[in-house]
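Q: Please read through the structure below; I'll follow up with questions.
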Amino acid sequence: MVGKTLYDKLWDAHVVRVDNDGTALLYIDRHLVHEVTSPQAFEGLRLASRKPWRPHAILAVPDHNVPTVSRSEGIDDPISRLQVETLGSNCTEFGITEFSMGDPRQGIVHVIGPEQGATLPGMTVVCGDSHTSTHGAFGALAFGIGTSEVEHVLATQCLIQKKSGNLQIRVEGKAGPGVSAKDIALAIIGHIGTAGGTGYAIEFAGSAIRSLSMEGRMTLCNMAIEAGARAGMIAVDEVTLDYLAGRPYAPKGDEWLKAASVWADLKSDDDARFDKVVSLDATDISPQVTWGTSPEMVVSVDSRIPDPENEPDPVKREGMKRALVYMALEPGTPITEIRPDRVFIGSCTNARIEDLREAAQIAQGRKLNESIKQAIVVPGSGLVKRQAEDEGLDKIFLDAGFEWREPGCSMCLAMNADRLEPGERCASTSNRNFEGRQGQGGRTHLVSPATAAAAAVAGHFVDVNEF
Amino acid sequence: MEKFETLSAIVVPLDRHNVDTDAIIPKQFLKSIHRSGFGPNLFDEWRYLDRGEPGMDNSSRPLNPDFVLNQPRYKGAGILLARENFGCGSSREHAVWALLDAGFRVVIAPSFADIFHNNCFKNGVLPISIDTGIVDDLFRAVEETPGYRLSVDLERQIIEKPDGELTRFDIDGFHRQCLLEGLDDIGMTLKHREAIRRYEERRRKDAPWLFNKID
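Here the protein sequences line up with chains G and L, keeping their order.
Just so we're aligned, residue 1 is where the first sequence starts under our numbering, counting upward by one.
Just so we're aligned, residue 1001 is where the second sequence starts under our numbering, counting upward by one.
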């Protein structure tokens, strides 16, 4: 018998029933809920007189709309306020636990799930948010769903799914200094393209992946969706267990020991077969900067903006030209000559403690370049914020001229008041550089936390190894 | 959900690859707690020259004359012709609600992003994936022929061109059935409630920590 991949194992363990054509009813262990993609799902439940199947399998938190400045005044924008209040009233009505805006544990849904131990190995985890792939870092099957599916999971604790293909991305070798998980993620997307993982679940493997911390693994799995895959995952090892031990919702005592022994099997068998394997050498990866309006439009910080005329595919060529017009950039320009107006350090990709430490290390003892209009640091959760303050990182940022904010999604998608003005350029640790993503007409360059901090200090992109 | 059986409609071409759901419906409109009313803000940043905000009177906003949806020849279109990886990015189902609200029941493209593709079937929108070569031909035909229409028959899995030429498309059997019958899939799943309970009992024995309460 052929061995199983990690994805095969997770899938098989959650199939409630399967039809002849492969359409399966898949059981969902953990449902994370935020304010933007849930109101219509709760409304659907009410209209059909249905109740949540397992309310205590759900954790809810407002994150997309919340202000990152002082919260004592509440939310200014009445439409945002109504959406956040609607989450609160829905959670009360249906008996769901919510970390509301004033709760010290509040934060970005993909930061707090793992932080609380609500995400565990071997689980299926869903959320009405494409970056749910983040939780796959724990050897879980985690993927984003639409609002109709949110309603489906609320009502049935299941989803109707077809199995995806198995794609293994192997990154071997030791990444060079200044190369973070974000750079590895961007390099992978640059290599396989934003549709390279469509129809697949990705397992990230290889020595470069094994040597990543949990924070780094979450960054990598977070961006699986930017490679087109709904789910990204990494096998369980000691790093996983060390991170989870003692977390509030993680099992304790004998139950922890039993769970840990079960989790040890959450890896692909040696003779497992993948539908597709992609290999990268970590030593080839340098710090990355995106230049266009798709995460696949990415190059090394020490290179130049590519020329669309060298692209053979006419549709892609037009896309590159359009991106360069939108970004106001010329082919052949060195990346290090690009000067951001604003810097954003945060998002479900890069707002965990390790990300803030990386950025602070660059900012320490330095000042924002005078050409930078604003640089904001938005911790991923209230607990990340507190830990960073305990370590003195807030002081480092504030002394350097950065703003130190309250937790939330913030300028990653600009649903709250944090946004770019038309034409402004941003060095951002978020995950999407789509047109208008950070504000209409805004121009986003995706980078690692260290590269973002370095750009803030230098006033232009620069190799972090020069610091 | 409204059934989908057949549709004959004008085709509008959107000649860009990797069209993301942020472009289909920008974030400021996601603050709504309702399912309807997104149509006027479909492709908002490409469609209008000003900055769109919720609550604006969209009928008085300046239109971008260069954007294809604003061109009179495509008025009343019900089929969107697109390029590869349509609907990538955010999981927002609002993107499908906006297309539906603007009158689109069919999107034809070489490929779709997974979450968007799934969301279509929950809302009676048919995403048709066909070969790039056929999509290229359709882009040419639409460009050359004002008022170009296609007829789509889901039961027969056929696209019919104005000259009567037929193109067959593939679709997952379950998805096809859901659209043809306009099925409520939550109702279907709840028919298996006993199987779900049995699964839970079994899992609770093997992995009780999965059932620890979030409270």
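All C-beta atoms, glycine included, are put in the ideal place defined by N, C-alpha and C.
Does Ser1129 (chain L) come out as helix, strand or coil in the three-state DSSP assignment?
A: As a working mapping, residue 1129 (chain L) is identified with position 129 in the second sequence. In the structure shown, Ser1129 (chain L) sits in a strand (DSSP, three-state: E or B).
Q: For the region 1036 to 1048 of chain L, list every residue whose C-beta sits within 8 Å of some C-beta in chain G, in sequence order.
A: Those residues of the region 1036 to 1048 of chain L that come within reach of chain G (Cβ to Cβ, closer than 8 Å) are Glu1045.
Q: Could you tell me if Ser448 (chain G) is buried or exposed, where buried requires 16 or more neighbouring beta carbons within 10 angstroms of its beta carbon?
A: Your numbering for residue 448 (chain G) matches position 448 in the first sequence. Label assigned to Ser448 (chain G): buried.
Q: Between the Cα of Pro1127 (chain L) and the Cα atoms of L:Glu1143, L:Met1056, L:Gln1157, which residue gives the shortest distance?
A: Taking the first residue of the second sequence as position 1, residue 1127 (chain L) is located at position 127. Residue L:Gln1157 is the option with its Cα nearest to Pro1127 (chain L).
Q: If we cut at 8 Å on Cβ distances, does Thr336 (chain G) have a partner in chain L?
A: Locating residue 336 (chain G) in the first sequence gives position 336, counting from the first residue. No, Thr336 (chain G) does not count as interfacial toward chain L.
Q: Considering only residues of the region 1135 to 1188 of chain L, which uninterrupted beta strand (DSSP E) runs meet the minimum length of 3 residues and lie entirely inside it, listed in chain order?
A: Here the runs fully enclosed are 1149 to 1153, 1158 to 1160, 1166 to 1168.
Q: Report the neighbours of Leu413 (chain G) on chain L: residues whose CB is nearer than 7 Å to its CB, in chain order.
A: Position 413 of the first sequence, counting from 1, holds the residue named residue 413 (chain G). What Leu413 (chain G) touches in chain L: Lys1027.
Q: My output table needs one value for Gln157 (chain G): the three-state DSSP class, helix, strand or coil.
A: As a position in the first sequence, residue 157 (chain G) is number 157, starting the count at 1. Gln157 (chain G) falls in the coil class under three-state DSSP.
Q: Please list, in chain order, all residues of the same chain as Arg425 (chain G) whose beta carbon is under 6 Å from its beta carbon, the five residues on each side excluded.
A: Mapped onto the first sequence, residue 425 (chain G) falls at position 425. Excluding sequence neighbours, Arg425 (chain G) sits near Pro340, Asp341, Arg443.
Q: Is it buried or exposed, His1017 (chain L), if we count other Cβ atoms within 10 angstroms and call 16 or more buried?
A: The residue labelled residue 1017 (chain L) in the question sits at position 17 within the second sequence. His1017 (chain L) should be labelled buried.
Q: Show which residues of chain G have a CB atom less than 8 Å away from the CB atom of Ala1195 (chain L).
A: For the purposes of this step, residue 1195 (chain L) is taken as residue 195 along the second sequence, with counting starting at 1. The contacting residues are Val16, Arg17, Leu25.
Q: Measure the C-alpha to C-alpha separation of Gly1055 (chain L) and Asp1044 (chain L) and round it to an integer number of angstroms.
A: The residue labelled residue 1055 (chain L) in the question sits at position 55 within the second sequence. The residue labelled residue 1044 (chain L) in the question sits at position 44 within the second sequence. Each residue's alpha carbon lies about 13 Å from the other.
Q: Can you list the residues of chain L that Glu151 (chain G) reaches, using a CB-CB cut of under 8 Å?
A: As a position in the first sequence, residue 151 (chain G) is number 151, starting the count at 1. Ordered by position in chain L, the residues that pass the 8 Å Cβ test against Glu151 (chain G) are Ile1186.
Q: Can you pull the chain L residues whose beta carbon is under 7 Å from the beta carbon of Asp129 (chain G), in chain order?
A: By 1-based counting over the first sequence, the position of residue 129 (chain G) is 129. By Cβ distance, chain L contributes Ser1091.
Q: Check whether the Cβ atoms of Ala201 (chain G) and Gln168 (chain G) sit closer than 8 Å, and answer yes or no.
A: Stepping through the first sequence from its first residue, residue 201 (chain G) is reached at position 201. Stepping through the first sequence from its first residue, residue 168 (chain G) is reached at position 168. No, the Cβ-Cβ distance between Ala201 (chain G) and Gln168 (chain G) is not below 8 Å.
Q: Between Leu1183 (chain L) and Leu1154 (chain L), what straight-line distance do the alpha-carbon atoms span, to the nearest angstrom?
A: Position 183 of the second sequence holds residue 1183 (chain L). Position 154 of the second sequence holds residue 1154 (chain L). Each residue's alpha carbon lies about 15 Å from the other.
Q: So, helix, strand or coil for Cys412 (chain G), using DSSP?
A: As a first step, residue 412 (chain G) is located in the first sequence; it is residue number 412 there, counting from the start. In this structure, Cys412 (chain G) counts as helix in the three-state DSSP scheme.
Q: Can you check which of these residues, G:Ala48, G:Asp12, G:Asn65, G:Thr5, is closest to Gly408 (chain G) by C-alpha distance?
A: Sequence index remark: in the first sequence, residue 408 (chain G) carries index 408 (1-based). Per the Cα distances, G:Asn65.
Q: What separation, rounded to the nearest whole angstrom, lies between the Cα atoms of Leu1063 (chain L) and Thr240 (chain G)?
A: On the second sequence, residue 1063 (chain L) is found 63 positions in, with the first residue counted as 1. On the first sequence, residue 240 (chain G) is found 240 positions in, with the first residue counted as 1. If you take the alpha carbons of Leu1063 (chain L) and Thr240 (chain G), they lie about 52 Å apart.
Q: Hey, quick one: how far does the beta strand (DSSP E) through Ile1010 (chain L) stretch, first residue to last?
A: Counting from 1 along the second sequence, the entry for residue 1010 (chain L) is found at position 10. First-last of the beta strand (DSSP E) with Ile1010 (chain L): 1006 to 1013.
Q: Does the beta carbon of Lys1191 (chain L) sit closer than 8 Å to a beta carbon anywhere in chain G?
A: As a working note, residue 1191 (chain L) is residue 191 in the second sequence. Judged by the 8 Å Cβ criterion, Lys1191 (chain L) is not in contact with chain G.
Q: What residue ranges within the region 1079 to 1107 of chain L form continuous beta strand (DSSP E) runs of no fewer than 3 residues, ordered along the chain?
A: Counting only runs of 3 or more, we get 1079 to 1081.
Q: Let me know if Gly74 (chain G) comes out buried or exposed under the rule of 16 or more other beta-carbons within 10 Å of its beta-carbon.
A: By one-based count along the first sequence, residue 74 (chain G) stands at place 74. Gly74 (chain G) is exposed by the Cβ-count criterion.
Q: Determine the DSSP secondary structure at Gln438 (chain G), reduced to helix, strand or coil.
A: Here the question's residue 438 (chain G) lines up with position 438 in the first sequence. Looking at Gln438 (chain G) - three-state DSSP - the assignment turns out to be coil, as it is neither helix nor strand.
Q: Please confirm whether Asn1018 (chain L) has its beta-carbon closer than 8 Å to some beta-carbon of chain G.
A: As a working mapping, residue 1018 (chain L) is identified with position 18 in the second sequence. By this cut-off, Asn1018 (chain L) is an interface position.
Q: Using a Cβ-Cβ distance cut-off of 8 Å, determine whether Gln157 (chain G) contacts chain L.
A: Position 157 of the first sequence, counting from 1, holds the residue named residue 157 (chain G). At least one chain L Cβ lies under 8 Å of Gln157 (chain G).
Q: Flag Ala1023 (chain L) as yes if its beta-carbon sits less than 8 Å from any beta-carbon of chain G, otherwise no.
A: For the purposes of this step, residue 1023 (chain L) is identified with residue 23 of the second sequence, where counting begins at 1. Cβ-Cβ to chain G under 8 Å: yes for Ala1023 (chain L).
Q: What residues from chain G crowd round Pro1054 (chain L), counting only those whose CB sits closer than 9 Å?
A: By 1-based counting over the second sequence, the position of residue 1054 (chain L) is 54. Simply Ile79.
Q: Does any residue of chain L have a CB that is nearer than 8 Å to the CB of Pro251 (chain G)?
A: As a first step, residue 251 (chain G) is located in the first sequence; it is residue number 251 there, counting from the start. Yes, contact with chain L.
Q: Under 8 Å, Cβ to Cβ, is there at least one residue of chain G near Ile1159 (chain L)?
A: Position 159 of the second sequence, counted from the start, is the residue given in the question as residue 1159 (chain L). No, Ile1159 (chain L) lies away from the interface with chain G (no Cβ there is under 8 Å from its Cβ).
Q: Would you call the region 275 to 282 of chain G in contact with the region 187 to 203 of chain G, where contact means no fewer than 3 C-beta pairs closer than 8 Å?
A: At 8 Å Cβ cutoff, the stretches touch.
Q: If the cut is a Cβ gap below 8 Å, which residues of chain L does Gly292 (chain G) touch?
A: Here residue 292 (chain G) refers to the residue found at position 292 of the first sequence. By Cβ distance, chain L contributes nothing, its closest Cβ being about 10 Å from Gly292 (chain G), past 8 Å.
Q: Examine chain L for any beta-carbon lying closer than 8 Å to the beta-carbon of Gly122 (chain G), and answer yes or no.
A: For the purposes of this step, residue 122 (chain G) is identified with residue 122 of the first sequence, where counting begins at 1. Output row for Gly122 (chain G): interface = yes.
Q: Near Ala57 (chain G), which residues of its chain fall below 7 Å by C-beta distance, leaving aside the five closest residues on each side in sequence?
A: Indexing the first sequence from 1 puts residue 57 (chain G) at position 57. Answer for Ala57 (chain G): Asp29, Arg30, His31, Gln157, listed in chain order.
Q: Measuring only the C-alpha atoms, how far is Met218 (chain G) from Glu358 (chain G)?
A: On the first sequence, residue 218 (chain G) is found 218 positions in, with the first residue counted as 1. On the first sequence, residue 358 (chain G) is found 358 positions in, with the first residue counted as 1. So the two alpha carbons sit approximately 15 Å from each other.
Q: How would you label Ser1008 (chain L), buried or exposed, when you count the other beta carbons within 10 angstroms and need 16 or more for buried?
A: Here residue 1008 (chain L) refers to the residue found at position 8 of the second sequence. Exposed.
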